[in-house]
Amino acid sequence: MNGPPRFLVIGGGPAGSTAAAVAAAGGAQVTLVECEVVGGASQLRDCIPSKALVVSADGLAAIRAGGHFGRGDPGPLRPDVSRLTERRLSVASLLSASLIGRLEALGVTLEAGRAHFAGPGAAVLATASGERTMDFDDALIATGSVPRVPAWAEVDGEFVLTSRQAYRLAGTPEHAVIIGAGSTGVEFAHIFSSLGARVTLLSARERVLPRNDAEAAAALEEEFAERGVAVLRGARARSVRRRGGGVEVVTEDGRVVGGSHALLAVGLQPACGGLGLEAAGVAVEEEAIRVDACQRTSVPHIYAAGDVTGGVMLSSVAAAEGAVVGRLVLGEEAAAVDQQQAAQTVFTEPEIAWVGLQEAEAADAGRRVRVSRVPFSTNPKALIQPRPRGFVKILSDPKDEVVLGGLVVGRHAAELIGILALAVRAGLPRSMVAQTLMAYPSLAETISAAAR
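For what it's worth, my numbering labels the leading residue of the sequence shown as 86, then goes sequentially.
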């Protein structure tokens, strides 16, 4: 190869922007094409907005709990949704602008538009100035994912919504019917109920968060019951449509649920359409682009990373995979990403965070593990705060005591799980975690206690 590698990146989310930054820093000639927002539509128009709303919801909850802080009852709270929207957009805009500045400083050429392959070594870029063909030495497909919309759902973006459309509402729904009780569904149940909406949550299984720890799900269901969130169990939706001035959802067993708005929270699907994959010879399996352990597609110099590969759909995983691709483009060695080592969080009240092996997985695999559990009710810092509930659970190998996984349920779980994520990543023994001198008083002390 004469000169630096010509690297085409399609998609500017966590995977694409990280790969572009790593490759450009190493001297590659990088062109990044993004059709919506640099930083990723999934991240800046879904993930970050939802977390911004969660923070706002938590703030309202703190005001309602004023008695704990020596304040009287504040009375009914009427959140200004327009101001919440303004704040959400401001955060997303700042993040995108910061990322654009960093990429441009590294010499990345940013193209606002779309790209599709014309062959295994060329792509057509469609921008505001027209179409042109670009040759490349390496390419990365990092187009992310889009909300899944079942065939039975009539989405109109006004009353029947996907998760990304829900942020555009001008006000709080009077009665939100949420279809799906996974991470996205329960987060919206938390957000809408905190904003004062009536919420009905439909779970196709017999509990919320069916893929998560049962004890963690039970803690969340207890909170929902206290808030008045109605959870319909075994309620697999078969249709949703406009009815009068609201919506109507019908389940497979004939139950009918009415509300002012319906939100589809039934997962994401890889965004593979319109990329000309056939022209490049890139193979697709079960809606996702097939890759090997180092993100190579069926065409070795074309990579794919992030949600488009159908793996664990997390920004952290996408960014790590993008970094792997960036190093490989530079001719460097790069270790494959172990997705099980990625910490995950459900941002509700209480927060639920986990990493590595979980109890149900160990049981299904017939694997013996040591499980220890310590509640936050024994922690001084937790007792200082309102509602000191939740717990820490640590799974370890009974032979060598290496930490295999962990679960945190409670306030600031997303921050605390990082300790256990490091333990899992480094293969640390329980004793190392137990002997770590945490600050006093701090919630982290419960992690040390659970490791003893």
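Even for Gly, the Cβ is constructed at its ideal location relative to N, Cα and C.
Keep in mind it's a predicted model, so treat the numbers as computed, not measured.
| Asked | Found |
| --- | --- |
| Alpha-carbon spacing of G358 relative to P471, whole angstroms | 48 Å |
| Given 8 Å, three or more beta-carbon pairs between the segment 180 to 189 and the segment 375 to 394 | no |
| Spatial distance of S214 from G361 (CA atoms) | 21 Å |
| Helix, strand or coil at F221 according to DSSP, with G and I counted as helix | coil |
| Boundaries (first-last residue) of the beta strand (DSSP E) holding K478 | F476 to S481 |
| Bridge-paired residues (DSSP) for E239 | Answer is none; E239 lacks a bridge partner. |
| With 16 other Cβ atoms within 10 Å as the buried cut-off, status of L522 | exposed |
| 6 Å CB neighbourhood of A534 in its chain, flanking five on each side removed | V459 |
| Supposed close pair V118, A200 - CB separation, criterion 8 Å | 4 Å |
| Beta-carbon gap between E300 and G319 smaller than 8 Å | no |
| Distance between beta carbons of T285 and A315, contact taken as under 8 Å | 5 Å |
| V422 beta carbon less than 8 Å from that of G490 | no |
| Whole-Å CB distance - A224 paired with L93, under 8 Å assumed | 4 Å |
| At least three beta-carbon pairs within less than 8 Å, the segment 294 to 308 to the segment 425 to 445 | yes |
| Residue of P89, V107, G88 and G97 minimising C-alpha distance to A419 | V107 |
| Same chain, Cβ closer than 8 Å to R326, five either side skipped, listed in chain order | E239, V245, V332 and E333 |
| Buried or exposed by the 16-neighbour rule on C-beta atoms within 10 Å, applied to I148 | exposed |
| DSSP bridge partner residues for G343 (one or two, in chain order) | E333 |
| Same chain, Cβ closer than 6 Å to A506, five either side skipped, listed in chain order | A428 and V440 |
| DSSP bridge partner residues for F283 (one or two, in chain order) | Note on residue identity: the sequence assigns Arg, not Phe, to residue 283. Paired residue(s): H260. |
| Nearest to E486 (by Cα), restricted to the options T463, S462 and A519 | A519 |
| Segments assigned beta strand (DSSP E), at least 3 residues, entirely inside the segment 429 to 484 | 429 to 431, 437 to 441, 455 to 460 and 476 to 481 |
| Straight-line gap, P258 to A289 (C-alpha atoms, nearest Å) | 23 Å |
| For R321, the three-state DSSP class (helix, strand or coil) | coil |
| Closest by C-alpha distance to G88, when choosing among R217, Q426, A105 and G111 | G111 |
| Pair within 8 Å by beta-carbon distance, V397 and Q424 | yes |
| Proximity below 8 Å, CB of A347 to CB of V262 | yes |
| Close beta carbons around I504, own chain, < 6 Å, minus the five adjacent residues each side | I532 |
| Exposure label - T433; buried when at least 16 CB within 10 Å | buried |
| Endpoints, alpha helix (DSSP H) assigned at V293 | Unbroken run through V293: none, as it is neither H nor E. |
| Alpha carbon of V341 to alpha carbon of E307, nearest angstrom | 24 Å |
| Cα-Cα separation, L138 to V166 | 10 Å |
| C-beta atoms of V335 and S324 nearer than 8 Å | yes |
| Cβ-based burial, K478 [other Cβ within 10 Å; buried from 16] | buried |
| Which residues DSSP lists as bridging V234, in chain order | For V234, which the question treats as bridged, DSSP gives no partner whatsoever. |
| Candidates L280, V231, L305 and Y252, of which the one nearest G267 by Cα | L305 |
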